[in-house]
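Down below is the structure, laid out as structure tokens.
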């Protein structure tokens with residue numbers, strides 16, 4: 020095409036710079052050098068693919084963190100106006116204003132707006148670029164540590180460009196410390212441009228205060244563009260008044276204030292440090308069907324929506340939106356100090372927020388899953404929620420209706436949380452499909468555990484196969500509740516009550532239940548690592564032994580870290596030996612104070628049992644020596660060696676940390692291992 024061949028390669032700023040500098044004397048000005056590079060450069064310069072840009076063969080340009088600096092910005096400004104194919108450019112974290120921050124947070128360099136101003140000028144004439152990322156460039160001279168001197172020169176240039184640019188659909192400016200004035204100018208520019216196509220703007224966590232909000236709210240209120248429908252102003256320094264001001268404007272204009280896209284179905288804001296004013300913004304979004312009509316799930320767990328339990332304004336605005344929102348089915352508000360107390364019980368208790376939530380649940384017809392755990396409720400508030408939840412068929416613990424496993428490990432749940440769990444577990448519509456439940460490392464104690472077990476008993480459709488309650492301060496009372504549940508359930512195959520304080524009485528109850536229920540396969544009754552005897556020592560071991568004498572269904576038993584001593588260990592092993600139907604394949608008795616007498620009992624059992632494949636006797640005193648005290652005796656280790664010689668089923672045996680087994684004992688064990696390639700020994 021003749022017209023295309025005669026088209027000048029560069030126009031605009033580059034051509035002007037060349038003509039004005041062509042007759043200069045001395046060292047060529049920077050503008051001339053850059054123009055020359057733009058006209059004839061090849062390859063890459065400071066990471067900028069000049070040749071590709073000149074050939075107009077790139078549509079997306081990713082230059083993030085290339086340290087292109089001021090000169091690189093100016094060079095791009097010469098190239099961008101003539102690039103008809105370029106639609107997206109990422110210039111984030113590039114020191115476009117000549118300053119940068121080191122890893123210690125100190126600022127270096129000298130601020131200049133030449134580069135960013137040149138880019139802004141280029142935006143005025145380029146009609147193809149739709150996406151631009153300028154985040155993290157310290158455009159206003161201040162870094163994240165607030166070092167430097169604030170200037171609006173650079174951001175004003177960008178705002179002026181946005182006031183006339185009609186091509187951009189997305190611009191990213193976060194991480195530039197624009198402050199109230201800068202963000203106000205950006206919003207005013209976009210909203211005042213009737214041709215603007217920018218649809219969303221992220222200004223979250225930018226330290227915008229009430230003064231900036233006034234500027235932004237006014238820009239949104241008087242906006243003449245219909246494109247901007249999504250903004251994100253979460254995490255700023257708003258107060259309740261400024262948040263409500265934004266919410267009022269947003270509702271009038273149908274604008275999201277929390278970055279929620281109109282086709283979005285799930286929103287995750289977990290542990291983002293949101294405060295009460297943010298809850299007001301969220302309430303605005305949730306109250307508008309045009310904004311969040313497609314949203315079905317929102318996660319707000321682990322935030323500060325009540326400001327350490329002192330301000331319920333935001334949470335009340337948020338849950339009030341549930342009264343008009345007909346699409347949201349799942350809401351997670353766990354760990355938000357909804358009742359005014361922190362995890363240590365500090366603060367002043369109030370039911371104001373939780374009552375508002377209960378009221379909203381009563382009128383909302385869509386919610387099926389909520390999570391309100393970890394909010395330091397009292398029993399009265401928990402029971403109030405449970406009553407509403409049972410009427411409406413709502414989960415209070417985040418358990419979905421199609422969920423088969425529920426893992427609450429390390430959630431530090433308290434007795435009031437157990438009331439919420441009991442509500443869920445008692446409802447077939449909520450937890451009828453649940454097969455595994457883990458409540459380990461909480462603080463439910465006897466009261467909470469009893470509530471949970473009674474709820475499981477009441478739900479005829481639940482078929483729990485695995486139940487773990489490790490370290491829950493369960494005593495004899497709680498153990499009896501567990502036993503009552505175990506006695507009648509026909510599907511439970513795994514039960515862990517490790518690191519509790521069941522005592523002899525609680526252990527007896529559990530074991531008596533297992534004398535009747537023989538479907539259980541794996542049982543963990545191990546104690547704590549500091550010699551806390553979970554089952555009540557040797558006395559509790561006798562109840563375990565009695566159960567093992569008649570229950571042949573168990574395949575794995577862990578009695579580690581219980582003070583069984585020789586007496587208890589002997590009782591257990593003799594019971595296993597006496598039960599011809601035993602299927603016990605794994606037996607762990609780590610640190611149970613086994614001496615030579617107990618070791619001989621273990622050996623007698625190992626010698627004849629054909630089911631046992633794994634045995635752990637580590638951290639004991641098989642040779643009478645404990646912490647290098649006592650008199651060495653070889654009888655126990657000799658008996659075990661003899662048993663290993665005749666046992667053909669064992670595949671794993673752990674004898675580590677048994678002080679002073681000695682050369683004689685180790686030699687006996689090694690000899691017993693001969694010809695047993697399939698046996699893994701640790702000694």
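Residue numbers (the working numbering): 20 to 702. Yeah, the Cβ is synthetic: ideal placement off N, Cα and C, and Gly gets one too.
- Non-local C-beta neighbours of residue 624 in its own chain, meaning closer than 7 Å and more than five positions away in sequence, comprise 592, 595 and 596, ordered along the chain.
- Residue 150 and residue 220 have their alpha carbons spaced roughly 12 Å apart.
- Put simply, the backbone Cα of residue 246 is about 13 Å away from that of residue 281.
- Around residue 180, the same chain offers 139, 142 and 143 as residues with beta carbons nearer than 6 Å, after the five sequence neighbours per side are excluded.
- The DSSP assignment places complete alpha helix (DSSP H) segments of no fewer than 4 residues inside the stretch 476–507 at 495–507, in order along the chain.
- By the Cβ-count criterion, residue 426 is exposed, with fewer than 16 other Cβ atoms from all chains shown falling within 10 Å of its own Cβ.
- With fewer than 16 other CB atoms across the displayed protein chains lying within 10 angstroms of its CB, residue 287 is exposed.
- Around the beta carbon of residue 599, fewer than 16 other beta carbons lie within 10 angstroms, which makes this residue exposed.
- Contiguous alpha helix (DSSP H) elements confined to the stretch 176–221 occur at 198–210, taking only those with 4 or more residues.
- Membership of residue 272 in the alpha helix (DSSP H) is indicated by the continuous run 259–272.
- Nearest Cα to residue 271 within the set 306, 178 and 256: 306.
- A Cβ-Cβ contact shorter than 9 Å links residue 334 with residue 376.
- Residues 253 of the same chain have their beta carbon placed closer than 6 Å to that of residue 297, with the five preceding and five following residues left out of the count.
- Looking at the DSSP output, residue 409 sits in no beta bridge, so it has no partner there.
- CA-to-CA, the gap between residue 230 and residue 359 works out to about 30 Å.
- Of the candidates 106, 265, 226 and 397, 226 places its Cα closest to the Cα of residue 162.
- Cβ contact annotation for residue 567 (same chain, cutoff 8 Å, sequence separation greater than five): 573, 576, 591, 594, 595, 598, 601 and 603, in chain order.
- DSSP lists 251 as the beta-bridge partner residues of residue 277.
- Check the Cα spacing between residue 579 and each of 565, 569, 611 and 555: the tightest is with 611.
- Between the C-alpha atoms of residue 193 and residue 675 there is a straight-line separation of about 57 Å.
- Listed as beta-bridge partners of residue 701 by DSSP are 673.
- Cα atoms of residue 242 and residue 302: separation of roughly 22 Å, rounded to the nearest angstrom.
- Residue pairing for residue 366: DSSP places it in a beta bridge opposite 360.
- Closest in C-alpha terms to residue 486, from the list 115, 476 and 512, comes 512.
- Between residue 687 and residue 660, the gap from beta carbon to beta carbon is short of 9 Å.
- DSSP lists 63 as the beta-bridge partner residues of residue 68.
- Residue 626: member of the alpha helix (DSSP H) spanning 615–627, first to last residue.
- Scanning the stretch 307–386 for uninterrupted alpha helix (DSSP H) segments of 4 residues or longer gives 308–311, 332–339 and 371–382, listed from N- to C-terminal end.
- When secondary structure is reduced to three states using DSSP, residue 680 falls in the coil class, being assigned neither helix nor strand.
- Non-local beta-carbon contacts of residue 584 in its own chain, meaning distances under 6 Å to residues more than five positions away in sequence, involve 557 and 612 in chain order.
- Within the same chain, 506 come within 8 Å of residue 535 by CB-CB distance, once the 5 residues on both sides are set aside.
- In the three-state reduction of the DSSP assignment, residue 157 falls in the coil class, being assigned neither a helical nor a strand state.
- Residue state for residue 395 is assigned as coil, using DSSP reduced to three classes.
- Nearest in C-alpha terms to residue 467, of all of 414, 510, 398 and 455, is 398.
- When the alpha-carbon of residue 526 is set against those of 700, 544, 540 and 681, the nearest one is in 544.
- Residue environment for residue 123: exposed (fewer than 16 other C-beta atoms within 10 angstroms of its C-beta).
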